[in-house]
Amino acid sequence: MGYNEVYKAWQADPEGWWLDEARRIDWERFPSRALWDENAPLYEWFKDGLVNTCWNAVDRHVEAGHGGRDAILYDSPVTGATARITYAELQDRVARVAGGLAARGVGKGDRVIIYMPMVPEAVIAMLACARLGAIHSVVFGGFAAHELAVRIDDATPKAIIAGSCGIEPGRIVDYEGLLNGALAQSTHQPEFCVIFQREQSPSPLVEGRDVDWAELGTADPVPCVPVPGDHPAYILYTSGTTGQPKGVVRPTGGHLVALDWTMDAIYGVEPGEVFWAASDVGWVVGHSYICYAPLIHGCTTVIFEGKPVGTPDAGTFWRVIEEHDVAVLFTAPTAFRAIKREDPKGQMAKGYDLSTLRALFLAGERADPDTIEWAERLLGVPVIDHWWQTETGYTIAGNPLGLGLLPVKIGSPAVPMPGYDVHILGDDGHDLPPGDLGAIAIKLPLPPGTLPTLWHAEERFRKSYLDHFPGYYETGDAGYVDEDGYLWIMARTDDVINVAGHRLSTGAMEEVLAAHPDVAECAVIGVADELKGQLPMGFLCLNAGTERSAEEIVADCVLLVRDQIGPVAAFKLALVVDRLPKTRSGKILRGTMAAIADGRAYKMPATIDDPAILDELTAALGGLGYPRG
């Protein structure tokens, strides 16, 4: 069936549809029903089933005779290391690490924090926790000690698994030192820590606290422990508006069912094919599409320890695709903007055989049409924007390759997936007509695998997501639906600015600016203005080799916005900068940028890639008479 038939089938019988999908998963006890709504609006799925994630991601493929198939391809241009791990080898290594953890008292329901670089051992640690029914919480390797301490105190882990170091272009990050700093600050103390020693910078073990990872690898293997369908598989912390991170809970049963469906229907990947999500296991994309979904579906996953540029150059993605026969690539738009900036004409791709690649998927932040069109010309395959969140764990709206691509509208992630009833709401909670910009909300219940609550913070969950629009999940994004039912994500709700009473999307302005031939990437924020309330301000990063002056390009961009959006936008402020402040996952920190411009106090974002960029930004703003305040 195509998309329309599948979506209508879900609409006709949501619970029956998901129960049918659940049959693709191996259950110790199949659930008696799909949806449990006794505690609405806190919904649960597959609650009385018994299941194990590690069994479905590893052991069942070995049992089916696929033990010799590659499960993991490790490629580390920053160290020169590579590795292939078959499903049989993965099963043995995971079972032994789980055995080592179990021997030290880790069991079902215990929390384990994983603070690791992009190495196979990170995924092995995640799967070992899942094997035992322990709840892992992966913290992005290299997070500051204070932020790690906050997460330790919230998750109260029995154990922490950490690498001795991480490798960044041109530097080594001392993870053990950051861990020690975090434990010095945290109230909660784990019973023990496991240290994976890397030869680039091994760490002295703390006596009485630390265990060498190598010891776990020699433990006796242990079997999978079945857990209820609503048992948390993991906690993943996402940024909160208060500065206190929110612990998104991922339930086991729905996680398995939903992710397996997406690999087939959305990404169009068959078991045995190579799927590469160029992300990090510290982010939700790394959880869903480096570790779990590809392995649940029986695919081969790529663990890449590098950057889209600089390790060693803007051709590294093309090398990985050729060497590992990648069928589908999933990355953030910012990665392709970085490649495009370094190699605007795509010359480096010409030296590689990319014939195995069938599709490129983009998510993480809004994909501007210029980047999509550049990638389409370069690769000659569908470039598919899709939209989802840490909270949902997989696609809310997309163009499903496996069901047959729908007509593409560049700039739109296309249509809602089964499970998601998407609405555009005004401030009063009523539906808006097609084309009107409003808050994007999803009618409850959310589908399986999405967050049922926050870790030990039910009231905060209700306040953050449910209370504003009763009966709906508030996404925090703003956009509209067109006459064909396509969704357009224009900005975070906080990024919709009010210029003299007109609600305007900064995303729409960014789309115009990104179309300028000399602009590699850009951001637009709203800055305070006494007369109009807010005014838009643009920040432009230029392509390598651009010959025109910054003043000429800024003047062009002002005219472009005036021509395509109109004088109502009052777009007159723009400046050229070398780089934009971003999170490590590539999201632009627009809220922080606006706070700097307005002279407001702000908290250093925990996820910022390089804090020095904020000083550069402040200096650049000085030329326009900002910051103000």
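Sequential numbering from 133 applies to the sequence shown in the working numbering. Think of the CB as a built atom: it goes at the ideal place given N, C-alpha and C, for glycine as much as any other residue.
Can you tell me the Cβ-Cβ gap for Ile256 and Arg225, rounded? I've got them flagged as a contact below 8 Å. 5 Å
What number of angstroms, rounded off, separates the C-alpha of Glu474 from the C-alpha of Ile728? One C-alpha to the other measures close to 28 Å.
For Asp191, count neighbouring C-beta atoms within 10 Å of its own C-beta (all shown protein chains included) and say buried if the count is 16 or more, exposed if not. buried
DSSP state of Glu643 mapped onto helix, strand, coil: helix
Taking DSSP as the reference, what is the three-state secondary structure of Ala281? helix
Using the rule of at least 16 other Cβ atoms within 10 Å of the residue's Cβ for burial, across every protein chain shown, is Val659 buried or exposed? It is buried - the Cβ of Val659 has at least 16 other Cβ atoms within 10 Å.
In whole angstroms, what is the alpha-carbon distance linking Arg469 and Leu205? 25 Å
Give me the DSSP bridge partner(s) of Phe272. BP columns for Phe272 are empty, so no partner.
Who are the near neighbours of Trp408 in its chain, counting only those whose CB is closer than 6 Å to its CB and skipping five residues on each side? Val434, Val458 and Leu461
Counterpart residues of Ser681 in DSSP-defined beta bridges: DSSP lists no partner for Ser681.
Whether or not the stretch 247-266 and the stretch 341-358 are in contact is what I'm after, with contact meaning three or more pairs of Cβ atoms, one per stretch, closer than 8 Å; do they touch? yes
Within 8 Å, do at least three Cβ pairs link the stretch 473-489 to the stretch 564-579? Judged by Cβ distances under 8 Å, the stretch 564-579 makes no contact with the stretch 473-489, as fewer than three pairs qualify.
Sequence-distant residues of the same chain with beta carbon closer than 8 Å to Gln332, five excluded per side: The beta carbon of Gln332 lies closer than 8 Å to those of Thr211, Cys297, Ile299 and Ile304 in the same chain, with the five residues before and after it left out.
For Gly400 and Asp207, what's the separation of their Cα atoms in angstroms? 24 Å
Less than 8 Å separating the beta-carbons of Asp710 and Cys654? Judged by their CB atoms, Asp710 and Cys654 are not nearer to each other than the 8 Å cut-off.
Span of the alpha helix (DSSP H) around Gly714: For the record, residue 714 in the displayed sequence is Lys; it is not Gly. Counting along the chain, Lys714 falls outside any alpha helix (DSSP H), and DSSP gives it neither H nor E.
Should Ala491 and Leu557 be called a contact, given that it needs their Cβ atoms to be closer than 8 Å? no
In chain order, what residues of the same chain have a beta carbon less than 6 Å from the beta carbon of Gly639, not counting five sequence neighbours either side? Arg498, Met622 and Ala623
DSSP three-state label for Pro548, please. Note: Pro548 maps to strand in three-state DSSP.
Report all residues from its chain with a CB closer than 7 Å to the CB of Thr218; omit the five preceding and five following residues, and keep chain order. Gly199, Gly200, Arg201, Asp202 and Ala203
Contiguous alpha helix (DSSP H) assignments of at least 4 residues, all confined to the stretch 519-597: 590-593
Asn184 by DSSP, collapsed to three states: which one? In the three-state scheme derived from DSSP, where H, G and I count as helix and E and B as strand, Asn184 is classed as coil.
When we look at the beta-carbon of Thr319 and count the other beta-carbons within 10 Å, is it buried (16 or more) or exposed? Exposed, by the Cβ-count rule.
Does the beta carbon of Glu253 come closer than 8 Å to any beta carbon on chain B? Chain labels in this structure do not include chain B; a single protein chain is all it has.
Skipping 5 residues on each side, what residues in its chain have a beta carbon closer than 6 Å to that of His363? Thr384
Buried or exposed for Met725, please, with buried defined as at least 16 other CB atoms from any protein chain shown within 10 angstroms of its CB. buried
Rounded to whole angstroms, what's the CA-CA distance from Glu642 to Asp742? Just pull it up for me. 23 Å
Collapsed DSSP secondary structure at Phe703 in the structure displayed: coil
Leu619: which of Trp519, Asp286, Leu753 and Leu712 sits nearest, CA to CA? Trp519
Tell me which residues share the same chain as Arg592 and place their Cβ nearer than 6 Å to its Cβ, disregarding the 5 neighbours each side in the sequence. Around Arg592: Leu586.
Just checking, does the stretch 158-167 make contact with the stretch 342-354 on the three C-beta pairs under 8 Å criterion? no
Find the nearest neighbour of Gly404 within the set Ala744, Pro426, Glu683 and Val651, judged by alpha-carbon distance. Of Ala744, Pro426, Glu683 and Val651, the residue nearest in Cα terms is Pro426.
Quick one: measure Cβ to Cβ for Pro713 and Leu691, integer angstroms, because I've assumed they're closer than 8 Å. Not quite, the Cβ-Cβ distance comes to about 27 Å (not below 8 Å), so this is no contact.
Here's the rule: buried if 16 or more other CB atoms are within 10 angstroms of the residue's CB, otherwise exposed. What is Glu523? Glu523 should be labelled buried.
Which runs of the beta strand (DSSP E) at least 3 residues long sit entirely within the stretch 287-348? Give them in chain order. 291-295, 297-300, 303-306, 324-328 and 342-344
If you check the beta carbons only, do Pro173 and Leu583 fall under 8 Å apart? no
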